[in-house]
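Undergrad:
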Amino acid sequence: MKPPPKPRESLPHFRHVKHPRLDSSLEKGTSLGRDAWLRLRKNHLAVASMILLAAMFLLCFVVANFCQDP
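In terms of our numbering, the sequence shown opens at residue 1 and continues consecutively.
1) Put C60 into one of helix, strand or coil per three-state DSSP.
2) Please work out which residues of its chain come closer than 8 Å, Cβ to Cβ, to A46, disregarding the five sequence neighbours upstream and downstream, and give them in chain order.
3) With DSSP as the reference, label L33 as helix, strand or coil.
4) Rounded to the nearest angstrom, what separates A48 and L58 at their Cα positions?
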């Protein structure tokens with residue numbers, strides 16, 4: 001009686017098929033948030049406006065803490 005074949009020998013035609021997760025030619029995916037941030041950084045006017053709004057927001061709260069209410 002012949003012994004059962006080893007798993008690699010039982011499927012010789014699948015021996016050279018690469019698994020998609022192990023293939024190094026695949027592009028690494030990015031998240032939706034990362035894609036949005038990269039797209040926003042290309043818009044210089046939007047970034048400048050965001051910095052200006054953040055500065056105004058911080059200035060409102062910093063000045064409110066140092067000023068006394070009459």
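Yeah, the Cβ is synthetic: ideal placement off N, Cα and C, and Gly gets one too. It should be emphasised that the depicted structure is a prediction, and the values quoted were computed from it without experimental measurement.
TA: Once the coordinates are examined:
1) One-based indexing of the sequence shown puts residue 60 at position 60. C60 falls in the helix class under three-state DSSP.
2) Residue mapping note: residue 46 aligns to position 46 of the sequence shown, counting from 1. Contacts found: L40.
3) As a working note, residue 33 is residue 33 in the sequence shown. Looking at the sequence itself, residue 33 is Gly, so the reference to Leu does not match. In this structure, G33 counts as helix in the three-state DSSP scheme.
4) As a first step, residue 48 is located in the sequence shown; it is residue number 48 there, counting from the start. As a first step, residue 58 is located in the sequence shown; it is residue number 58 there, counting from the start. If I take the Cα positions, the gap works out to 15 Å.
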